[in-house]
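**Q** Pasting in a structure now, in C-alpha cells, and then I'll have a few things to ask.
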Amino acid sequence: MRNFTLPERELMGSGHLGCQGCGGALAMRYALKALGEKTIVVIPACCWTIIAGPFPYTSLKVPVLHTAFETAAVAASGVRAALDIQGDTETTVLAWAGDGGTFDIGLQSLSGAAERNENIIYICYDNEAYMNTGIQRSGATPFLAWTTTTPEKTPKSEPKKDIMAIMVAHRIPYAATATVAYPDDFIRKVQKAKSIYGTKFLHVLAPCPPGWKAPSEWAIKLSRLAVQTRVFPLYEVENGERYTLNEPKDDTALPVSEYLKLQGRFSHLTEKDIQAIQDLIDKRWQRLLRQVRESA
Amino acid sequence: MTPTLTGTKKVVTGNHAVSYGAMLARVQVISAYPITPQTQIVELLSEMCANGTLRAKFIKVESEHSAMAALVGAASAGARTFTATSAHGLALMHEMLHWAAGARLPIVMANVNRAMGPPWSVWTDQNDSLSQRDVGWMQVYCESNQEVLDTVIQAYKVAETVLMPAMLVLDAFVLSHTAEQIEIPDQALVDRYLPPYQPVYKLDVSDPRSFGALAPPDLYMELRYKMHKAMEDALTEWARADEEYYELFGRRYGLIEPYRADDADLILVTSGTVTSTARDVIDELRAAGRRVGLLKIRVFRPFPAQLVREALANAQKVAVIDRNISFGMGGIFAQEIKSALYNAPDRPLIFGFVAGLGGRDITPTVIREIIEYTESRDEPEDLIWVGVKR
C-alpha cells in the first residue's frame with residue numbers, strides 16, 4: 050500500500066440519503082476533501098438531488114445550487130461569472146452531475162461550457178444508468194447490460210458512449226478518469242483540476258449496488274476490478290493531447306469476466322457475450338495505449 | 055418634487071433602448087443566444103462590454119435554455135442579471151422560466167414579441183410571451199421606445215423588491231427595429247433610483263446554504279403561496295416604482311393607462327404598439343362627438359384586476375384587441391378581462407377581437423371597424439376574427 054493521507058476535513062455529513070454502498074456518495078466526500086470549503090456545488094437532477102437531503106436539510110457543508118437536469122455546466126458557468134464580477138476568483142465552482150445529466154440531456158450545455166473554456170470543474174459520477182428514476186438505460190450504460198428499459202431478452206445493444214473522447218475533443222485543459230478505489234489518485238486529480246484555469250472534466254465510475262445488482266459492500270471492490278480489468282482505466286488528458294496512463298500499470302490484466310460475474314445486471318450473459326465485451330475492452334485499451342504512446 | 059430632466063436625447067431603435075436600459079441598470083451578468091428580432095439588443099450589449107461602457111460578464115451560450123440557466127446560476131450567486139429573447143427562444147427557456155421564478159430570482163428579460171412557427175414568421179404577435187403566462191414572471195407590455203428603456207430600469211426596481219423575475223415585452227419590428235427619439239437618463243440619477251442588488255441570501259462559502267432542494271408536500275404549497283403573495287405585492291410596487299421614477303425622471307406609465315375613458319360608452323382595450331394607433335383613432339372619433347375611450351394594459355402579470363374593474367366600470371361595451379389566440383378559447387387579454395369583471399356588480403358587454411397575428415398590420419381602419427362592429431351589436435361576442443380571408 051502506498052503511503053497516502055486522506056485530508057481530514059469532512060465537508061459531507063453522515064446523514065446523507067444515499068443508498069448503502071453508493072459510489073457516488075463516497076466520490077462527493079473525496080471531491081470535497083480535495084477542494085475544501087471554498088467550493089460551490091451545482092447539482093442538476095440526479096441521485097445527488099436526493100442524497101444532498103430535502104429542504105431544510107443539507108448533507109454538505111458548502112453551498113449547493115440545485116438546478117434543472119440539463120443545466121449543470123451552464124448554471125455553474127453563471128455562478129462563476131457572478132463570482133468573478135464580484136471579485137471572487139478564488140472559490141471553486143463544481144458542477145456535479147450523473148451520467149444521464151452528462152452523457153445525454155446535459156451534453157449540449159456541457160459542450161457549450163467546454164467550448165467557452167469556462168473556469169469550472171465538472172465531475173460526472175457515472176453509475177451507468179438513470180438510477181434515480183429506477184435503473185433505465187442511458188448513453189453511459191455498458192454494452193449488453195440489463196436495465197429496466199433494456200430487459201434481459203434485449204439487453205443494451207450499443208456500447209457505452211465515450212464521454213472522455215468527446216470532452217478531450219473540446220481540447221479542454223484537463224480531463225481525467227477516477228474511481229473511489231484509488232482515493233490518492235482521485236484526490237490528486239481533483240486538486241490538479243483545481244489548480245488549472247478553464248474547464249476541467251472528471252469522469253468518475255460510481256458503482257450503484259441496487260442498479261448493478263451487487264452487494265452494497267462491493268463499491269470499492271467493483272471500482273478496483275473495473276480498473277484492473279481495463280473496463281475503466283485511470284488516465285489523464287491535458288489540453289486534448291497529452292495522455293497519461295495511471296492504472297492499471299502492468300501488462301497483465303484480469304479478464305473482464307472477473308468484473309462482470311459479480312453483478313446481477315450482467316447475469317444473463319453467455320460465454321459469447323462475455324467474449325464480445327472482452328473484445329470491446331481490448332480494442333479500447335489498445336487505442337488508449339496508442340494515444341499514450343503517441344502523445345509521449 | 056420637480057421632475058429633473060438631465061438625460062441626453064438620442065434616436066434609437068426599440069432594441070437599442072433595451073440595451074441602454076440594461077446598461078443604465080448596471081447589469082453584471084448577461085447571457086444570451088441570437089434570435090431575430092432580438093439580436094440587436096445583445097449585439098449592442100456585447101459592444102458595451104467590449105469597450106468598457108458596461109462592466110459585466112457576457113456568457114455567449116449555445117441555446118436560450120442555457121441563457122436562462124446561466125442567469126439562474128449567476129443570480130443565485132448575487133449578480134444582477136439580464137437576457138433578451140423572442141418566440142422560439144422564449145419557448146425553449148420555458149423550464150428555466152419556472153426555475154427562475156420558483157427560486158425567487160429577480161432576473162430581468164426583454165422579449166421581443168414574435169409569432170411562433172410553424173409556419174416560420176419573424177413578425178409580431180403575443181403568443182410567445184402569453185404562452186408563458188403561468189410561469190411566475192411579471193410581464194409588462196411596452197408601447198414606445200422611451201417606455202421600453204424606462205421599463206427595464208423600473209423592472210429591476212420591482213423585481214428586486216418582490217423577488218420575482220420580470221419580462222418586458224415589445225413588438226417585433228414595430229418597436230424593435232423602429233427608431234424614435236428618446237431620452238437616455240443620466241447614470242447618476244439611475245444609480246440613485248436603483249441601488250446595487252443586495253440579496254438577503256445567495257451562494258456564499260462563508261454562509262453555506264442549499265438552494266432549490268426537494269420540498270415535501272407539507273412545505274411546497276407554502277412556497278407557492280408566497281410567490282403569489284409576492285405577485286400581489288408587485289401591484290403596489292409597480293405603482294410605487296413608477297411614481298418614484300416620475301419624481302426623478304418626469305415620466306410615468308401606470309399599470310394600466312385609461313385614455314379619454316371617463317365618460318366613454320365604449321372602451322377599447324389594447325396592449326403594445328396597437329395602443330398608439332388606437333389613441334389616434336379615439337381622438338378622431340372623439341372629435342366627431344363619439345363617446346369612445348381607450349384602456350392600455352401595460353402590466354399583465356401581476357394582473358391589475360381592481361384597476362381594470364374601476365377603469366371599465368362605467369362603460370356599456372368593451373372591445374378587446376388581442377394580438378394572440380388561445381386555440382379553442384379565444385383572445386387571452388379578453389379572457390383575463392372577463393375573468394376580472396365577472397364578480398363586479400355592473401359589467402359591460404365584452405367583445406373579443408383577434409387581429410394582427412403574425413405581424414399583420416392593425417391599421418386605423420381596422421380599429422375603426424372594430425369599434426363600429428362593437429357599436430352595432432347588442433349581444434357580446436367572445437371571439438371575432440378581424441380581417442381573416444375565409
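For the protein sequence lines, the chains are A and B, in the order given.
Sequential numbering of the first sequence, starting at 50, is according to this note's numbering.
Sequential numbering of the second sequence, starting at 55, is according to this note's numbering.
Don't be surprised by glycine CBs; every beta carbon is placed ideally from N, CA and C.
Would the segment 62-72 of chain B count as touching the segment 196-203 of chain B if we require 3 or more Cβ pairs under 8 Å?
**A** yes
**Q** Residue range of the alpha helix (DSSP H) that Pro418 of chain B falls in?
**A** Pro418 to Ser430
**Q** Closer than 8 Å, CB to CB, is Leu84 of chain A near chain B or not?
**A** No, Leu84 of chain A does not count as interfacial toward chain B.
**Q** Quick check on His252 of chain A: does DSSP put it in helix, strand or coil?
**A** strand
**Q** List, in chain order, every chain A residue whose beta-carbon is nearer than 8 Å to that of Glu149 of chain B.
**A** Ala117
**Q** Report buried or exposed for Phe53 of chain A, applying the criterion of at least 16 other Cβ atoms within 10 angstroms of its Cβ.
**A** exposed
**Q** For a test of the three-state rule: what should DSSP assign to Asp153 of chain A, helix, strand or coil?
**A** helix
**Q** Going by the beta-carbon positions, is the gap between Gly343 of chain B and Ile321 of chain B smaller than 8 Å?
**A** no
**Q** Beta carbons nearer than 7 Å to chain A: which residues of the segment 151-178 of chain B have them?
**A** Trp153
**Q** In whole angstroms, give me the CA-to-CA distance for Gly190 of chain B and Tyr274 of chain B.
**A** 15 Å
**Q** Taking only three categories from DSSP, how would you classify Val194 of chain B?
**A** strand
**Q** Would you say Pro262 of chain B faces chain A, with C-beta separation under 8 Å as the test?
**A** yes
**Q** Could you round the C-beta distance between Ser85 of chain B and Ala124 of chain B to whole angstroms and report it? I think they count as a contact, below 8 Å.
**A** Between Ala124 of chain B and Ser85 of chain B the Cβ distance is about 4 Å, and since that is below 8 Å, they are a contact.
**Q** Can you confirm whether the segment 74-89 of chain A touches the segment 102-118 of chain A when touching is taken to mean that 3 or more C-beta pairs between the two stretches lie within less than 8 Å?
**A** yes
**Q** Alpha carbon to alpha carbon, how far is Ala220 of chain B from Asn168 of chain A?
**A** 29 Å
**Q** Step through the CB atoms of chain B and report whether any lies within less than 8 Å of the CB of Phe104 of chain A.
**A** yes
**Q** What did DSSP end up calling Gly406 of chain B once you bin it into helix, strand or coil?
**A** The answer is strand: DSSP assigns Gly406 of chain B an E or B state.
**Q** Do Leu219 of chain A and Glu290 of chain A have their C-beta atoms within less than 8 Å of each other?
**A** It is His, not Leu, that sits at residue 219 of chain A in the sequence shown. No. Outside cutoff.
**Q** Should Asp133 of chain A be flagged as near chain B, meaning a C-beta pair shorter than 8 Å?
**A** At a cut-off of 8 Å between C-beta atoms, Asp133 of chain A counts as an interface residue with respect to chain B.
**Q** If I follow the unbroken alpha helix (DSSP H) through His115 of chain A, where does it start and stop?
**A** Unbroken run through His115 of chain A is the beta strand (DSSP E), Val113 to His115; no alpha helix (DSSP H).
**Q** Would Thr436 of chain B pass as a contact of Phe407 of chain B if the rule is Cβ separation under 8 Å?
**A** In the sequence on display, residue 436 of chain B carries Asp and not Thr. Cβ distance not < 8 Å, so Asp436 of chain B and Phe407 of chain B don't count as in contact.
**Q** Inspect the beta-carbon positions of Gln157 of chain A and Ser117 of chain B and report whether they are closer than 8 Å.
**A** yes
**Q** I'd like to know whether the C-beta of Leu311 of chain A is nearer than 8 Å to at least one C-beta of chain B.
**A** no
**Q** Which residues in the same chain as Ala284 of chain B place their Cβ atom closer than 7 Å to its Cβ, once the five residues preceding and following it in sequence are excluded?
**A** Val216, Leu217 and Met218
**Q** Please list, in chain order, all residues of the same chain as Phe276 of chain A whose beta carbon is under 8 Å from its beta carbon, the five residues on each side excluded.
**A** According to the sequence shown, residue 276 of chain A is Val rather than Phe. Correct list, in chain order: Thr228, Ala230, Tyr231, Pro282, Leu283, Glu296 and Pro297.
**Q** Per DSSP, what are the beta-bridge partners of Thr196 of chain A in this structure?
**A** A:Thr199
**Q** Is the separation between the beta-carbon of Gly313 of chain A and that of Lys262 of chain A shorter than 8 Å?
**A** yes
**Q** Could you round the C-beta distance between Ile424 of chain B and Asn181 of chain B to whole angstroms and report it? I think they count as a contact, below 8 Å.
**A** The C-beta separation of Ile424 of chain B from Asn181 of chain B comes to about 20 Å, leaving the pair out of contact by the 8 Å criterion.
**Q** Let me know the secondary structure DSSP gives Leu109 of chain A once reduced to three states.
**A** In the structure shown, the three-state DSSP call for Leu109 of chain A is strand.
**Q** Give me whichever residues DSSP pairs with Trp145 of chain A in a beta bridge.
**A** A:Ile172
**Q** Buried or exposed: where does Val65 of chain B fall if 16 or more other Cβ atoms within 10 Å of its Cβ makes it buried?
**A** exposed
**Q** Quick check on this structure: which residue in B:Gly171, B:Trp177, B:Val166 and B:Pro172 has the alpha carbon closest to the alpha carbon of Ser183 of chain B?
**A** B:Val166
**Q** Specify the secondary structure class of Asp376 of chain B as computed by DSSP and reduced to three states.
**A** In the three-state scheme derived from DSSP, where H, G and I count as helix and E and B as strand, Asp376 of chain B is classed as strand.
**Q** Sorted by chain position, which residues of the same chain lie with C-beta nearer than 6 Å to Val46 of chain A's C-beta, five sequence neighbours on each side aside?
**A** Only positions 50 to 345 of chain A appear in the structure, and residue 46 of chain A is not among them; the question remains open.
**Q** Note down, in chain order, all residues in the segment 240-256 of chain A with a beta-carbon under 8 Å from any beta-carbon belonging to chain B.
**A** none
**Q** Less than 8 Å between the C-beta atoms of Val305 of chain A and Val280 of chain A, yes or no?
**A** yes
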